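Protein chains in written order, with this note's numbering: chain A, 1 to 539; chain B, 1001 to 1413; chain C, 2001 to 2536. Don't be surprised by glycine CBs; every beta carbon is placed ideally from N, CA and C. Quantities reported herein were computed from a predicted structural model and do not represent experimental measurements. See structure below.
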Amino acid sequence: MKTWDAIVIGGGHNGLVNACYLQRAGLNVLVVEKNEWVGGAAVSRSLTPGFLYSNCSYVCSLFRPETMRDLELPRHGLQVIAYEGGAVLTRDGDYLANYRDHDAHRREFARFSKRDAEAYDRYARDVTRQCRFIQPLLMRTAPDPTSLKPRDVGELLFLARKFHDLGPSQMAETLRFWTMSISEFLDEYFETDVIKANFSISGIIGTALGPMSPGTAYVLLHHYMGEVDGSVGAWGYARGGMGAITKALSSSFQASGGTIRTGAEVDKVLVSNGKATGIVLANGEEIAGRLVISNADVKRTFLKLVEEKELPDVFLRRVRNFKIRGSSGKVNIALDSLPEFPALPKDSPCYRGDLHFTDSVERMERAYDDWKAGRWSADPFLDMMIPTTLDPTMTPPGKHFMSCFVQYCPPKVEGRDWTDADRDAFAETVISQIADYSPGFRDRIVHMEVRTPRELEAEVGLTEGNIFQGELTFDQLLFNRPVPGYAQYRSPIGGLYICGSSTHPGGGVMGAPGRNAAAEILRDLSKSNTQMSPAHDVI
Amino acid sequence: MGKTAKKTSSPYAGRIAARSHFRTLRLDTPFQPRIDALMKQNDWYSWAGYRAPASLWDEELEYFAIRSTAALFDISPMVKYLIQGPDSEAYLDRVTLRDVTRLRPGRVQYTAWCDDEGHVLDDGTLFRLTEDAFRLCCQERHLPWLLDSAIGYDVSIVEETEEIAGLALQGPTSFAVLREADFDGVEHLKVFDLAGFEHQGGTVTISRTGFTGDLGYELFVPANLALSLWDRLMEAGQARGIRAIGYTALNRARLEAGLIVANADFSTAEHALRPDRVRMPDEIGLGFMVDAKKGHFNGRRAIMAARDGKKLRHVLVGIEIEGNIPAEHAIVYHGKKKEVGLVSAAGWSPLAKRNIAIASLVRPYGHTVNDDLWVEIYAMRELKYERLMKRARIVPRPFIKLDRRTANPPADF
Amino acid sequence: MTSSEAAAPQASRWNAKSDVIVIGGGHNGLVCAALLARSGRKVLVLEAAVEAGGGARTEEFAPGFRVSSVAHILNRLHPDVVKELSLEAHGLKLEPATHISSVSLSTDDDPLVLTGAYGEGLLGASDKEAAAWKDLRAQLFRYAGILKPFLSRRPPDLGGRMSMAETFALGQTALALKKLGKEDMRDFLRVILMNVADLLDEQLTDNRLKGLLAFDAVLGSHLGPRSPTSLLGLYYRLAGEIGGRAGAQTVPAGGMGAVTAAIVASAEKAGVVLRTDAAVRRIVVENGRAAGVVLESGEEISGSLVVSAADPSTTFLELVGPRELNTGFVRKVGNIRKNGDAAKLHLALDRPPQFAGIDTTGLRGRLVIAPSTDHVERAFNPSKYGEFSPEPVMEITLPSLADPSLAPSGACVLSAVVQYAPYRLREGWDAGKPKFLKAIMNILERYAPGIGKTVRHAELLTPRDIERRYRMPGGHWHHGELQADQMLMSRPVFGAEGYATPIDGLYLCGAGSHPGGGVSGAPGLNAARRIIALER
């Protein structure tokens, strides 16, 4: 039987990034994927003839440029098309647009408030300052504060020095910022509700928190970090849908000699004498490997794929206590023509960006209250876009594909499992919100795919349907992610690693966990790591 | 939502009407038709979101219009705030560095204002229009700061950048142009004086101020009277060599005058991302504005503490560099080895015939240690850097001093 | 000019160098004043009301009925305050015999009783739950113990200007953390900013217990148990101690006024002069330095130091005024979140209410209506939108059972802190107050059937009322939200976090400063220590 140098469980973007780096470092790597296709949550699927759906993740924003370069993704076909704008449509028939041009942005805000228009620069400065502090941490392994190893102590000192360099008043601001809610943070800058709603969006996407929850100001950074080093087209569509990213990754992986097996669901990780020795597939087939790296979330990995007896109690307790918390759903719609939004001028660049219909922080927070009560939001928050306005290749000519990310949507409905009727009712909530702003919208629908956390878990393998493989709260960030003591991609089992979004720095189609995990694995193997270019400077 | 969409309340209607701005990313100023007509180079740049001329017809001749005849420069994109109310004097005295109680109606102050830590937010000109009304002109936008500073004062603050058009008329014949244009009484304006003059049934505010170090005036007028004002000046100035100019020429003149530009020669506190980039007034040559004798003003404690504790880290100086090669963005050295600062603006002064620059140095260099300073110039010549190490001397600003700037009555050239 | 003004002494300038004027005769102002007087300074306390005590007073709210008007339970009076002011010698009784239990009520189940100091014993729970609680309780106290020393220090100085002793104290905390052991330290670092609901769900199953703990964590704050950082509120509660027992609580005989009386006695003995009915209109600032105060009467009093126990917003924006301050600082002060969510209910009852399943000892304790974490969370939701909880949560005491002097013979006083009652009620409290009272009475009726018919008089103090009566803007007993972003160096705002302020000679000593409110005296204690260190 062949023994692989490394087996990566799960062909999501982080698993593929990890596999690419390991393969390029000279290991013989196998990726096993339960679906018949790779991509995990970054996929393009043809669900109705002629239409390609980015049916899970929908925006390319955070993917690390260093990784794109290292793995030669542009050569393997990746093209990212930048958003041209975005807007929040308001209930009074107007809208608030986000324009790329700085002065247009200010003038747009000035339509609502001259004060807010002139407050934007200070807001942007303050958020950028916070981003600049946190961004270098993305591509570093989080230090263990309880460890006295020189490397951990060194990293902690690095953090302390960076913090100290901020100077007293900025240090105080940073401490305050980390625990604020996005709503409170915005209150300190802006007076107009729709402007606050507009900026709140990045504080809540993907989390089971409302804009008034402490800690959501930090989540905002998580969504902004992709832009800080000025990578052009930081927010955009991948041509051919999000699957284009994982397609390019698998192409890069295979070009460097890696092997992918699809339709291969993993049942167990084989452990012998506290060391991983391979995997068993659902069909009983055993595959031997010297290393096993799991792209699955921390719960799935350690509570389903590894036998309990192999793990220490304190570790198991912490894994069980890890909060995953699905909070979102996805509605993917094939349209026979471009929907009209009468509020938005036909030549507005906002059609080629993301559109929202939640024009106040209160509406967002009330949507969250529904989630807390175990219901999907009656008046949900939508992050809606029509990628075919920029990439017509995804549909037949003149037709369109619409992606709606919907928050909030609970993993269970009032404590019970989702039913098909629930799912349909959930979809109806979404459709009716869009139809309120887009007359005739329903008539344009050709096909629709509705994904509640039930479908996201069953089809994509995201526990509870959480897109970040675990909440981005303080108790699950940095050295606490996924669990204290094992925040460096290793596990209590020798040779078993995790590389998914459950690990630092978390979710989004960023690829940083996969890359950081590869760095740690190569360090353990004492392999040189020349394939990995250093993280971009923030100067 | 259809039910509420038909609101006709005025703020809403105004909001809807303003939507189309996204189709024109660079705004036109009220003078744009005249400038467009004179624009031969199509050399535009964006000044705070406005389409502004870098150069109209000949950059060098435009400069000489400033120094030899009269130059007309559109300053409408300057950010303008109208500050009114019984407490406006006390309010501005607390916001800005200088003593506003000593600024009489009809006078102008060049001033600056700071955040709590004493870091400069901007510099600008403060026009005292009447006892209770001021206009503040500056480069950056400050409405939230000005409004939040107004808590506890009976004062109103209105942003009026788009509503008020502005022109700088600068150069030796500028006074003669205004007199020919029948602005009677303009001869009484001493430097930093202002007065209102009749124009087409409205008022044009003329001040004897400018950004060139030359005899010159600035004129502010409601936007709807802008074009007729332009025409009035151009007609009157025909015989006096009036020329419209762009920023490149003005920038040369302002360097000769030793004047600094926010976010070019120093970083304003609300824009600086890096904690060490902010500057106190004493660090950018504006220490003279700080009035220690007046009451509380914003940043006072920090500024005084930095002075007392000798914690000022930088100094902005004028330097003269041997030779004639401009030292733009050159690094300044002490003893040719130790890096001590950076040149933020530099050029050959056609008037002074000196190679001049404005530089920010780390103290004590430029402050108490003024000898053995050098600049390293990388001069790109036909795809090759000519690297020059040139001696630099700290010299007083302005680099040129023109008696005609302040002469009374103003000279009739 | 009125006759009283004419009679007021003209500019009674006290010229001695150590003169201190303390604004506000609440417990923090008095503690600070007493300690400063003991350091040899001549101290004058100016109290706006007719009696001292601020939010720690015993007042008559109906003929013959008296009650502790804002704070009604003593659970965190700092031991250094008790000791340095010799409060027990001045009549304050804190021994264990006076301590009371907590009872969590439920309509689905018998009451759950936490006996001893914060549940040393647990009555009415399963053995398994009792064991789980024992572990959790030990953990909570262990972690709260790490944070406890911070209560009696000024916040760490981010500028690094710390004395040897202060630096050493920080080192001690690092050592204490290390001493927890690796795994415990990891758990500490994981949970510190967590929400209380998750921690409870991880370790407990009993809804009554979880409800009570969740309630205690969010009491006095604009957070629900599911809000991240809400666990800090529980740590804050458990860092308190009474009579040397961590987590203990007591209802002093004579009500909270008795605590104030002891502090006043100690202060006066130290030489503090207390003037009541002397509201301060403004603080006089000359050349950037506090020079004295002007009273509402027009009287001017000068002093070389002014110490304000008033809340930071009032102190800076009204008493000093924005003209003497910097805009960024004014902004920060304006951004302090300080709108309270807690209302206070006082009922004059014909007879003691009948709470099912509670014995006499239990009735003398603290009764909590917070039947589950979710219930508390649901009560919180409306407050975010300026609506009161239709099903509020509350803690109730019946102080007249232990101290019959508070009510006419046979009658009973009920005192309850009720959440959530947002300061800014959208419909306005004039319209909302009767509705909210009705909602509270509905709940009480559910737990103590028949109580409604025995109500002789009901007084509901909304945050608006508390603001007006006790001069606490926003009606917030912490003088500003006590959440992570308004703690330590950010309390009340950076720039005034170490009791000193941007105005020389002006200090803060109230609940708006570190570590926060509750009848602890800690801000007053820390402020006095800081003033003594800086103003030699």
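Item                                                                                                                                : Value
Complete beta strand (DSSP E) runs within the region 2304-2341 of chain C (minimum length 3 residues, chain order)                  : 2305-2308
Cβ pair alanine 2348 (chain C), arginine 2282 (chain C) closer than 7 Å                                                             : no
Assigned exposure category for histidine 1021 (chain B) - 16 Cβ within 10 Å defines buried                                          : buried
Arginine 1128 (chain B) beta carbon less than 7 Å from that of arginine 2323 (chain C)                                              : no
Alpha-carbon spacing of threonine 473 (chain A) relative to leucine 2232 (chain C), whole angstroms                                 : 15 Å
Alpha-carbon to alpha-carbon, isoleucine 498 (chain A) and alanine 2528 (chain C)                                                   : 53 Å
CB of serine 1207 (chain B) within 7 Å of CB of leucine 1194 (chain B), strictly                                                    : yes
For proline 150 (chain A) and phenylalanine 158 (chain A), the rounded distance between their alpha carbons                         : 12 Å
Best match in C:Val2413, C:Thr2315, C:Thr2276, C:Ala2265 for proximity to valine 2285 (chain C) [C-alpha to C-alpha]                : C:Thr2315
Contiguous beta strand (DSSP E) assignments of at least 3 residues, all confined to the region 68-155 of chain A                    : 80-82, 85-89, 95-99
The beta strand (DSSP E) enclosing lysine 1338 (chain B), as first and last residue numbers                                         : 1338-1349
Residue from C:Pro2473, C:Ala2034, C:Gly2517, C:Gly2521 whose Cα sits closest to the Cα of lysine 2578 (chain C)                    : Any question about residue 2578 (chain C) goes unanswered here, given that chain C covers just 2001 to 2536.
For glutamate 520 (chain A), three-class secondary structure by DSSP                                                                : helix
Test: alanine 2144 (chain C) CB closer than 7 Å to a CB of chain A                                                                  : no
Cβ pair glycine 12 (chain A), asparagine 295 (chain A) closer than 7 Å                                                              : yes
Selected residue, minimal CA-CA separation from glutamate 2296 (chain C), among C:Asn2207, C:Glu2088, C:Glu2318                     : C:Glu2318
Spatially closest choice to alanine 2343 (chain C) from C:Arg2275, C:Leu2406, C:Thr2462, by CA coordinates                          : C:Thr2462
Any C-beta of chain A under 7 Å from that of lysine 1003 (chain B)                                                                  : Note that lysine 1003 (chain B) has pLDDT 41, beneath the 50 cutoff, so the model's placement of it is unreliable and the number below is only indicative. It does not; no Cβ of chain A falls within 7 Å.
Neighbour list for serine 1149 (chain B) in chain C, Cβ cutoff strictly below 7 Å                                                   : Thr2327
First and last residue of the uninterrupted alpha helix (DSSP H) at arginine 45 (chain A)                                           : Counting along the chain, arginine 45 (chain A) falls outside any alpha helix (DSSP H), though it belongs to the beta strand (DSSP E) covering 45-48.
Beta-carbon proximity check, arginine 186 (chain A) vs phenylalanine 357 (chain A), cutoff 7 Å                                      : The sequence shown places leucine at residue 186 (chain A), not arginine. Result no, Cβ atoms of leucine 186 (chain A) and phenylalanine 357 (chain A) do not sit closer than 7 Å.
Beta-bridge partners of arginine 2289 (chain C), as assigned by DSSP                                                                : C:Glu2286, C:Asp2504
Nonlocal neighbours in the same chain, by C-beta distance under 7 Å from leucine 2204 (chain C), ignoring five residues either side : Glu2129, Ala2132, Trp2133, Leu2136, Lys2210
contact_flag[the region 2487-2497 of chain C, the region 2469-2477 of chain C] where n(CB pairs < 8 Å) is 3 or more                 : no
Chain B within 7 Å of glutamate 2324 (chain C), Cβ atoms only                                                                       : yes
Whole-Å CB distance - glutamine 2354 (chain C) paired with alanine 2448 (chain C), under 8 Å assumed                                : 6 Å
Residues of the region 1078-1100 of chain B whose Cβ lies closer than 7 Å to any Cβ of chain E, in chain order                      : Looking at the structure shown, chain E is missing, and the protein chains on hand are A, B and C.
Where valine 2272 (chain C) falls, given that 16 or more other Cβ within 10 Å makes a residue buried                                : buried
Length of the line joining the Cα atoms of phenylalanine 51 (chain A) and cysteine 20 (chain A)                                     : 30 Å
Distance CB(serine 57 (chain A))-CB(methionine 225 (chain A)) smaller than 7 Å                                                      : no
Cβ-based neighbour list, methionine 2001 (chain C), same chain, cut-off 6 Å, excluding 5 preceding and 5 following                  : Note that methionine 2001 (chain C) has pLDDT 35, beneath the 50 cutoff, so the model's placement of it is unreliable and the number below is only indicative. Contacts found: none.
Neighbour-count burial assignment, phenylalanine 2168 (chain C), 16 or more Cβ in a 10 Å radius                                     : exposed
Status (buried if at least 16 other CB within 10 Å, exposed otherwise) for isoleucine 539 (chain A)                                 : exposed
Separation of alanine 2174 (chain C) from glutamate 2051 (chain C), as counted between CA atoms                                     : 44 Å
Spatial distance of methionine 384 (chain A) from proline 49 (chain A) (CA atoms)                                                   : 22 Å
Pair within 7 Å by beta-carbon distance, alanine 1352 (chain B) and isoleucine 1400 (chain B)                                       : yes
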